[in-house]
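Per the UniProt record's numbering, the sequence shown starts with residue 1, numbered consecutively.
Where is the CB? At the ideal position from N, CA and C, for every residue including glycine.
Everything below concerns the one structure shown next.
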Amino acid sequence: MNLVLFDDPTLRQQLLPLSFTRPLAALRCGILTLAEKWQLLLPQAGISYLTQEYLQQKYPLHATADTVYLNGACCPSPELLAALQQLQPGQALQQGSILLAYRAGTDAASEYQNASFSPQSTLPWEGPLSLIQHPWDLFRLNGEQLRQDFALLTRGRRSAGINDVHTRCYGEEQIFVEEGVKIRAAILNAEDGPIYLGKGAQVHEGAIIKGPFALCEGAHVNVGGKMRSDTTIGPYCKAGGEISNSILMAHSNKGHEGFLGNSVLGEWCNLGADTNTSNLKNNYANVKVWSHARERFVDTGLQFCGLIMGDHSKAGINTMFNTGTMVGVSANIFGDGFPRTLIPSFAWGGAAGFSTYKFETAMETAERVLERRKLPLSAQDRAILQHVFELSAPLRVWEKKPSD
1 MNLVLFDDPT LRQQLLPLSF TRPLAALRCG ILTLAEKWQL LLPQAGISYL TQEYLQQKYP
61 LHATADTVYL NGACCPSPEL LAALQQLQPG QALQQGSILL AYRAGTDAAS EYQNASFSPQ
121 STLPWEGPLS LIQHPWDLFR LNGEQLRQDF ALLTRGRRSA GINDVHTRCY GEEQIFVEEG
181 VKIRAAILNA EDGPIYLGKG AQVHEGAIIK GPFALCEGAH VNVGGKMRSD TTIGPYCKAG
241 GEISNSILMA HSNKGHEGFL GNSVLGEWCN LGADTNTSNL KNNYANVKVW SHARERFVDT
301 GLQFCGLIMG DHSKAGINTM FNTGTMVGVS ANIFGDGFPR TLIPSFAWGG AAGFSTYKFE
361 TAMETAERVL ERRKLPLSAQ DRAILQHVFE LSAPLRVWEK KPSD
């Protein structure tokens, strides 16, 4: 099977700012990204992306004369996998107004660029479906996806085990350790859900981890870190303080004291020491969050919702984020008080006000951050960030000149 994971235009807009810098299928929920889940389930399949033109070079498309186009926001299920394998040429799966899958040829890619596929027949989907429609769906579904990914990754395999005599484990049969993991004097409790420790990950002294939980490849839980349930620390992230029901996508740091709950951080983010997020309003009302799609604040339907932060954004020491704060790409937040709950991409400032984080200055910072990990800022990534800078300009309202 040749599988192309396409971005539903409506969902893509709803998933900003996380989708500014990646296709929807490159979002992480559970241990794996959505694309990685499908690749594990279909190891013989060629998998590629159909996304916005400015992202397509980094995430290339490989369409063939017989391709299944799958909505990139779909999490796998046995039922959906079986339905994909039974699709006939020209057939599509649809749930309500949302196209889930379409089997077609190379012409479908140009149909997509013209804003619509043209299936010959449509089958209604009535089976179970986990679909990422909003940024907060990522942490809301994370516990479920952690359990599914744990089963997918560990089936038929043996854990490397934990040899440190000063580490205490509960529910050890639900703990899976990849090769090269280092762990010292920690407490791991998998009685209520599995714990996955990825290749080369490190758990430092005094850390407490409660499953479901994933520490992905090369990631660290720092000394005394308190990792609560339904949390994913993505590849090469550093985590400390208290983290609950949150996702750090990759290469991001929340390494110090402070609370992060019901939140999602993109890649290359950093939260300074004692940064705290509120995830519950004092009146216990539902949390409202800015929607880029609707251009207004919307009710999430959730009592608990903390911080959504796009790639390359940073917060200085002692930053306080109010409930339901949305931060764009490459924002730099600092100072005392609560900043506004909508912080656009390339914003510089805090509660006292914002100015524009100049693009070249932001790129210099990004280069230094990547250099610490011995990685370059590629021309592709720079071009993507330039495009995001231009796309996000309307929300930087301080740039607008007063009318004459």
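Where do the N-terminal and C-terminal ends of the alpha helix (DSSP H) with E36 fall, by residue? 34-41
Quick check on DSSP: helix, strand or coil for F20? helix
Proximity below 8 angstroms, CB of residue 418 to CB of I308: Residue 418 lies beyond the range of the chain shown here (1 to 404); nothing can be said about it.
Going by DSSP in three states, A362 sits in which element: helix, strand or coil? helix
In the DSSP assignment, the alpha helix (DSSP H) including I187 goes from what residue to what residue? First-last for I187: 187-189, but that is the beta strand (DSSP E), not the alpha helix (DSSP H).
Go ahead and pull the three-state DSSP assignment for S121. strand
Exposure of T10, with buried meaning 16 or more beta-carbon neighbours within 10 Å: exposed
Measure how close the beta-carbons of T67 and G105 come, nearest whole angstrom, since I'm counting them as under 8 angstroms. 7 angstroms
Straight-line Cα distance separating G211 from Q120: 46 angstroms
So, for D404: in the same chain, excluding its five sequence neighbours on each side, which residues have a beta-carbon less than 6 angstroms away from its beta-carbon? The predicted position of D404 is uncertain, since its pLDDT is 39 and thus under 50; a value taken from the coordinates is nonetheless stated next. If we look at D404 and ignore the five residues flanking it on each side, it has no Cβ neighbours.
Between which two residues does the beta strand (DSSP E) holding I209 run? 208-210
According to DSSP, which residues form a beta bridge with E267? A250
Can at least three beta-carbon pairs, one atom from the stretch 197-215 and one from the stretch 146-156, be found at a separation below 8 angstroms? yes
Compute the distance between the beta-carbons of A315 and T275, then report whether it is under 8 angstroms. yes
Would you check if the distance between the CB atom of V287 and the CB atom of T323 is smaller than 8 angstroms? yes
Only counting the same chain, and skipping five residues up and downstream in sequence, which positions put a Cβ closer than 6 angstroms to that of E257? G241, D274
Hey, quick one: how far does the beta strand (DSSP E) through V177 stretch, first residue to last? 175-177
Just to check my reading of the structure: S244 and R228 have Cβ atoms closer than 8 angstroms, yes? What is that Cβ distance to the nearest angstrom? 4 angstroms
If I98 sits next to N71, beta carbons under 8 angstroms apart, how far is it from one beta carbon to the other, in whole angstroms? 7 angstroms
With distance defined between alpha-carbon atoms, name the residue in G301, G335, R294 nearest to G272. G335
For K182, which residues in the same chain have their Cβ closer than 6 angstroms to its Cβ, ignoring the five residues on either side in sequence? Q202
If you compare alpha carbons, which of N332, P135, A293, P124 is closest to C305? P135
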